[in-house]
Amino acid sequence: MPTPAIFDPAHHPLTAPGRFVVGCNYWASHAGTAMWRDWQADVVDRDFARLAAAKLQVLRVFPLWPDFQPLTLLRGGGGRPREYRFGEKPLPDTEDGRAGMSDVALEHFAEFSALAQKHGLHLVVGLVTGWMSGRLFVPPALEGLNVITDAEAIMWQTRFVRHFVRRFRESPAVLAWDLGNECNCMAPAPSPAAAWTWTAAIANAIRAEDRSRPVVSGMHSLTPDPAQAGGWSIADQAELTDLLTTHPYPFWCRHTNREPVDALRTTFHAAAESRMYADIGGKPCLAEEIGTMGPMVSDDAAAARFARTNLFSLWANDCHGFLWWCGFDQTELAPAPYDWVGVERELGLIRTDGSAKPVLGELTRFREFLDALPGRELPPRRTEAVCLLSRGQDNWGVAYSTFILAKQAKFDLTFQDAAQPLRDAPLYLLPSVSGAEPISRRRWLDLLEKVKAGATLYVSLNDGFLSPFNEVFGADVLARAARTAPATAVLSGILDAPRLPVTHGQAMTMTARTAEVLGADETGNPIFLKAAYGRGTVYLLTWPLELQMTLTPLAFAGPAAPAFWQIYRAVAAPFCAGRAVRLENAPSVAVTEHELAAGRRLAILINHAPEDVAAKLKLTSGWKIAATLYGAAPTAAGGRRLPGNDALILELTRSGKSG
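The sequence shown: position 132 = 127 (our numbering), numbered continuously.
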């Protein structure tokens, strides 16, 4: 008997380094969530043909829980549970019946997976689909139970998962097993331990039957601190699954709907959130649901620009794919959730009349671009810094702004939870420190040892406490109180336009002892300081720049937006010397660099704003452009035009030297 294959993350299409998949989430065009009860194989066949012709590779699909496990619970006297049945019919004495599974629905899925194989489509199967588009779907027998914590509910979910995976583990169309769709929405988890236990039960049930495929999280809205996410944390999902997932919709996610979908802040969202998950979890991350939420949020042209920018951005930032929500509009469907939720009806790549939206063309063109690139995997991007997310703060809000500011300043970072063992880095960012216990004493001392050994540390303060403080930053706090009015920071020599508004955080009165004052408020009170610490350097900003930007509309871009990012440029400039590409005063353009081989790099420049940019590229001495792989050719003056929401990809060479 041959030894079963074991999942190898280094070679699987969803998890291998540098691999990127393009696809969508799928419900049949004629029925949406009712597709298994109203099974029409000819419609699914036509749907698959359309999606495959558009070069989509992966579909995330959903065996709706009550359709596949249609249990009812009959009760006896006093309401005592008596017997599980299918309606009035006893459960058959078969493998399907003992698992409470519908043999009809399972046969439909067998036909479904065969059709996917016919069209060359690969399936990520969301197993416990009990939550979908604003409606809870559970078997009648389990209604009213907390399906995350109730023992009966977990027992039947485990039986469902083991039976389904065992039945379809030989299907070549199945690429991965997803725990289910946003299962953290099915019921509250009263504690992180409850969320961990449910996740472990489902993940272990999958692996008991199939160890050849990855287990995909399927969750969204996670944070480093489980207290901020109803008990569901990045670390726990990473411990128990093989692939983390984000659902980065600007309409739904906190802090991301302050500007239009094609604006700079919005188009950084997907990569920022996915990198936060991947870096903190130590597992690859897939943007497995993404979209604009339809025509009341943006027109089709803006949706296409949003998709194009995010395709390039996720790929350039070492994320593993882009799955649009969803394949087909659902405007003619009467059942709930479509009857209830207006925002769920016009989210497809293809309209109800069969016409394709412009965003489908963007997915096709991006897939064709990747297929034409020499080499299959994109090497990881170079990074210069580690951003530490601490307790007591809005982790996501702070991470989001920190990521964007670094991109505007033309360097890249990875994220860490401040509770994790410190990674080595030349530059550490500890942004918007909040509360009385942001970082443990041992981690703070570990961080200071890194600085003593030569690293640089940037800290910005909200209302947080760090100890020791005075001797580290070479300054004393004379007083602090609630901020009663905005202040102005004057940073001459740091910013092109040296005055910045300060609207958040506490008002701190400081005096510098050994620190150099780089900026002060309008009264002369120090507000940005620099000091030596051992062989390293510390920077202190006495207001929560990152939190302020997250909470302020139009803070990052536009003609009136202050150049806050130039603070980051000043701190990080010494660590960007190894970069090949120099691009000054183009804050909407992100640049990642990827080592192809000694003396060869790929530079990916992405314009995250809808306005065109006339980019004046400068290359570090010794580097030259060998080829333009995507984007505009040089102008007569040697510049490059970066259209709004588009990219420029250059192959660079450096003769005789390592990169």
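C-beta: ideal position from N, C-alpha, C; glycine also.
Because the structure is a prediction, the values reported are computed rather than measured.
(request) Grab me the residues of Ala297's own chain with a C-beta within less than 7 Å of its C-beta, minus the 5 sequence neighbours each way, in chain order. (result) If you number the sequence shown from 1, residue 297 lands on position 302. Within the same chain, Ala297 has close Cβ partners Pro255, Val256 and Asp257.
(message) Contact between the region 208 to 218 and the region 176 to 195 is defined here as three or more beta-carbon pairs at a separation below 8 Å; is this criterion met?
(response) yes
(message) Per the DSSP calculation, His589 is bridged to which residue(s)?
(response) Within the sequence shown, residue 589 is the residue found at index 594, counting from 1. Paired residue(s): Arg376 and Leu597.
(message) Using a 10 Å radius around the Cβ and a threshold of 16 neighbouring Cβ atoms, would you call Thr506 buried or exposed?
(response) Translated into the one-based positions of the sequence shown, residue 506 becomes position 511. Thr506 should be labelled exposed.
(message) One question on the structure: do Ser385 and Met544 come within less than 8 Å of each other, judged by their Cβ atoms?
(response) Counting from 1 along the sequence shown, the entry for residue 385 is found at position 390. Counting from 1 along the sequence shown, the entry for residue 544 is found at position 549. In this structure, Met544 does not lie closer than 8 Å to Ser385 by Cβ.
(request) Hey, could you find the ends of the alpha helix (DSSP H) Glu579 is sitting in? (result) Start at 1 with the first residue of the sequence shown, and residue 579 comes out as number 584. From DSSP, Glu579 is part of no alpha helix (DSSP H); its letter is neither H nor E.
(message) Please report the straight-line C-alpha distance between Arg438 and Asp313, rounded to a whole angstrom.
(response) Here residue 438 corresponds to residue number 443 of the sequence shown, with the count starting at 1. Here residue 313 corresponds to residue number 318 of the sequence shown, with the count starting at 1. Distance between the alpha carbons of Arg438 and Asp313 is about 28 Å.
(message) For a test of the three-state rule: what should DSSP assign to Asp334, helix, strand or coil?
(response) One-based indexing of the sequence shown puts residue 334 at position 339. Looking at Asp334 - three-state DSSP - the assignment turns out to be coil, as it is neither helix nor strand.
(request) Indicate whether Tyr528 and Tyr453 have their beta-carbon atoms separated by less than 8 Å. (result) Counting from 1 along the sequence shown, the entry for residue 528 is found at position 533. Counting from 1 along the sequence shown, the entry for residue 453 is found at position 458. Going by C-beta atoms, Tyr528 is not nearer than 8 Å to Tyr453.
(request) Would you identify the three-state DSSP class for Asp313, choosing helix, strand or coil? (result) Mapped onto the sequence shown, residue 313 falls at position 318. Three-state DSSP puts Asp313 in coil, outside helix and strand.
(request) Specify, as a first and last residue, the run of the beta strand (DSSP E) that Leu69 falls within. (result) Here residue 69 is taken as the residue at index 74 of the sequence shown, counted from 1. From DSSP, the beta strand (DSSP E) with Leu69 extends over Thr67 to Arg70.
(message) Applying the 10 Å Cβ sphere with the 16-neighbour rule, what's the burial state of Met30?
(response) Along the sequence shown, read from residue 1 onward, the residue named residue 30 stands at position 35. Label assigned to Met30: buried.
(request) Please go through the same chain and pick out, in chain order, the residues whose beta-carbon is closer than 6 Å to the beta-carbon of Ala190, but skip the five residues on each side of it. (result) Taking the first residue of the sequence shown as 1, we reach residue 190 at position 195. Answer for Ala190: Ala184, Gly226 and Trp227, listed in chain order.
(message) Applying the 10 Å Cβ sphere with the 16-neighbour rule, what's the burial state of Ala48?
(response) In the sequence shown, counting from the first residue as 1, residue 48 sits at position 53. Ala48 comes out exposed.
(request) Could you have a look at Tyr21 and say whether DSSP puts it in helix, strand or coil? (result) Taking the sequence shown and counting its residues from 1, the one referred to as residue 21 is at position 26. The answer is coil: DSSP assigns Tyr21 none of H, G, I, E or B.
(message) On a Cα-Cα basis, can you pick out the residue from Thr537, Leu424, Ile275 and Pro187 that is closest to Thr474?
(response) On the sequence shown, residue 474 is found 479 positions in, with the first residue counted as 1. Here the sequence assigns Ala to residue 474, which means Thr is not the residue at that position. Looking at the Cα atoms, Thr537 is the closest of the given residues.
(request) Count the other C-beta atoms from every protein chain shown that fall within 10 angstroms of the C-beta of Thr251, then say buried if there are 16 or more, exposed otherwise. (result) The count along the sequence shown starts at 1 and reaches residue 251 at position 256. Counting Cβ neighbours within 10 Å, Thr251 comes out buried, since at least 16 surround it.
(message) My assumption, with CB atoms under 8 Å, is that Leu342 sits in contact with Met288. Please give the rounded CB distance.
(response) The residue labelled residue 342 in the question sits at position 347 within the sequence shown. The residue labelled residue 288 in the question sits at position 293 within the sequence shown. Indeed they touch by this definition, with Cβ atoms about 7 Å apart.
(message) Applying the 10 Å Cβ sphere with the 16-neighbour rule, what's the burial state of Arg649?
(response) Along the sequence shown, read from residue 1 onward, the residue named residue 649 stands at position 654. It is buried - the Cβ of Arg649 has at least 16 other Cβ atoms within 10 Å.
(message) According to DSSP, simplified to helix, strand and coil, what is Ala657?
(response) One cannot answer for residue 657 here, as it falls past the ends of the chain, which runs -4 to 654.
(message) What does DSSP give as the partner residue(s) for Asn602 in the beta ladder?
(response) One-based indexing of the sequence shown puts residue 602 at position 607. Answer is Val584, bridged to Asn602.
(message) Given this structure, state the Cα-to-Cα distance separating Leu624 from Asp366, to the nearest angstrom.
(response) For the purposes of this step, residue 624 is identified with residue 629 of the sequence shown, where counting begins at 1. For the purposes of this step, residue 366 is identified with residue 371 of the sequence shown, where counting begins at 1. Computed Cα separation, rounded: 12 Å.
(request) Report the rounded CA-to-CA distance for Leu524 versus Leu486, giving the unit in angstroms. (result) Working through the sequence shown from its first residue, we reach residue 524 at position 529. Working through the sequence shown from its first residue, we reach residue 486 at position 491. About 10 Å.
(request) With a 10 Å radius around its C-beta and 16 neighbouring C-beta atoms as the bar for buried, classify His7 as buried or exposed. (result) For the purposes of this step, residue 7 is taken as residue 12 along the sequence shown, with counting starting at 1. Per the 10 Å Cβ criterion, buried.
(message) At the level of alpha carbons, what is the spacing between Asp516 and Ala404?
(response) Within the sequence shown, the letter at position 521 stands for residue 516. Within the sequence shown, the letter at position 409 stands for residue 404. If you take the alpha carbons of Asp516 and Ala404, they lie about 23 Å apart.
(request) For Gly349, I'd like the list of residues in its chain whose CB is within less than 7 Å of its CB, leaving aside the five on either flank, ordered along the chain. (result) By one-based count along the sequence shown, residue 349 stands at place 354. Excluding sequence neighbours, Gly349 sits near nothing in its chain.
(request) Determine the contact status of Val658 and Val53, defining contact as a CB-CB distance below 8 Å. (result) Because the chain is modelled from -4 through 654, residue 658 falls outside the range shown and cannot be assessed.
(request) Look at the alpha carbon of Arg80 and the alpha carbon of Arg202, and state the distance between them as a whole number of angstroms. (result) The residue labelled residue 80 in the question sits at position 85 within the sequence shown. The residue labelled residue 202 in the question sits at position 207 within the sequence shown. Answer to the nearest angstrom: the Cα atoms are 28 Å apart.
(request) Answer with buried or exposed for Gly276, where buried requires no fewer than 16 other C-beta atoms within 10 angstroms of its C-beta. (result) The residue labelled residue 276 in the question sits at position 281 within the sequence shown. Buried, because 16 or more other Cβ atoms sit within 10 Å of the Cβ of Gly276.
(request) Whole angstroms is fine: what's the gap from Ala567's alpha carbon to Phe2's? (result) As a working note, residue 567 is residue 572 in the sequence shown. As a working note, residue 2 is residue 7 in the sequence shown. C-alpha separation (whole angstroms): 40 Å.
(request) Starting from the C-beta of Arg494, find all residues in its chain whose C-beta is less than 6 Å away, skip the five residues before and the five after it, and write them out in chain order. (result) Counted from its first residue, the sequence shown places residue 494 at position 499. Excluding positions up to five away in sequence, the list reads Thr483 and Val485.
(request) Would you be able to state if there are at least three C-beta pairs under 8 Å between the region 300 to 315 and the region 626 to 645? (result) yes
(request) State the Cα-Cα distance for the pair Leu442 and Pro353, rounded to the nearest angstrom. (result) Residue 442 sits at position 447 when you count from the first residue of the sequence shown. Residue 353 sits at position 358 when you count from the first residue of the sequence shown. The alpha-carbon atoms of Leu442 and Pro353 are separated by roughly 48 Å.
(message) Which of the three DSSP states is assigned to Pro209 in this structure?
(response) Within the sequence shown, residue 209 is the residue found at index 214, counting from 1. Coil at Pro209, not helix or strand.
(message) Suppose you measure from the CA of Arg70 to the CA of Glu78; what does that come to, to the nearest Å?
(response) As a position in the sequence shown, residue 70 is number 75, starting the count at 1. As a position in the sequence shown, residue 78 is number 83, starting the count at 1. Taking the straight line joining both Cα atoms gives about 7 Å.
(request) Please state whether DSSP places Trp618 in a helix, a strand or coil. (result) The residue you call residue 618 lines up with position 623 of the sequence shown. Strand.
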